[in-house]
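Heads up, the sequence shown is in the working numbering, so the first residue is -4 and it goes up one at a time. Ideal placement from N, C-alpha and C gives every residue a C-beta, glycine not left out. The next block holds one structure in the form of structure tokens; read it before the comments.
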Amino acid sequence: SPWHYQFRIIMLGDSTVGKSSLLKRYSEGVFHESMNQTVGVDFYVHFMEIEAGLRVKLQFWDTAGQERFRSVTRSYYRNSAGGMLMFDLTNRASFESIRNWHQEVVDTVKPHQVVFLLVGHKSDLEVERKVGHKEAEKLASSLGAKYIETSAKSNSNVEEAFQMLTLGIHEA
Ligand code: GTP
Ligand code: MG
-4 SPWHYQFRII MLGDSTVGKS SLLKRYSEGV FHESMNQTVG VDFYVHFMEI
46 EAGLRVKLQF WDTAGQERFR SVTRSYYRNS AGGMLMFDLT NRASFESIRN
96 WHQEVVDTVK PHQVVFLLVG HKSDLEVERK VGHKEAEKLA SSLGAKYIET
146 SAKSNSNVEE AFQMLTLGIH EA
């Protein structure tokens, strides 16, 4: 099918934050309580109409959060237009890793620029929340990114997150 632009988007964040689940919800409309950890990198394609008659092909690289795959995943950072920096709202350590994920991409791709979106995920687990909305917004703005909270389980803000990032890339 015809498309006008092609954007590569890389999914980043610690293991188990829900990168694969967010993509699965977006591209297949499903959620699984039990998911295999990603080995290396998985690849997805999705089309989005960002305005009437303007179709964009989105190519997603869903990277493994586990450290042992880092040398493999790093080789996919190049040529990416956008990056979803994801943490788990119930996992403080995953929030604290965000600066490292961001820095690693910036160091790998420069002088090329990547548009980032910060995603606080698993918003359905509000009672277990360990990261406040305000501090996450503050981190996002310090990285020049926008912030959104999502849930693949309750299907909250899933379309919105991908739209925000895609429009951000389009407008950059
Ligand atoms: P790696 O591939 O190892 O980097 O992990 P990942 O970031 O891809 O995480 P994955 O999508 O595999 O999800 C890890 C676990 O979190 C799974 O048990 C999911 O069912 C669960 N999970 C993912 N998204 C959500 C969510 O929105 N809410 C809740 N409650 N659980 C979620
Ligand atoms: Mg995964």
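Query	Result
So, helix, strand or coil for Lys52, using DSSP?	strand
In chain order, what are the residue ranges of uninterrupted beta strand (DSSP E) at least 3 long that sit wholly in the region 62 to 133?	77 to 83 and 110 to 116
Is it buried or exposed for Trp56, if we count other Cβ within 10 angstroms and need 16 for buried?	buried
Do Met6 and Met79 come within 8 Å of each other at the CB atom, strictly closer than that value?	yes
Closer than 7 Å by C-beta to Ala135: which residues in its own chain qualify, once you throw out the five before and the five after it? Chain order, please.	Leu113, Lys141 and Tyr142
Alpha carbon to alpha carbon, what distance is there between Val67 and Gly35?	6 Å
Just to confirm before moving on: does the CB-CB distance between Met81 and Val12 stay below 8 Å?	yes
Can you tell me where the alpha helix (DSSP H) holding Gln158 begins and where it ends?	Val153 to Glu166
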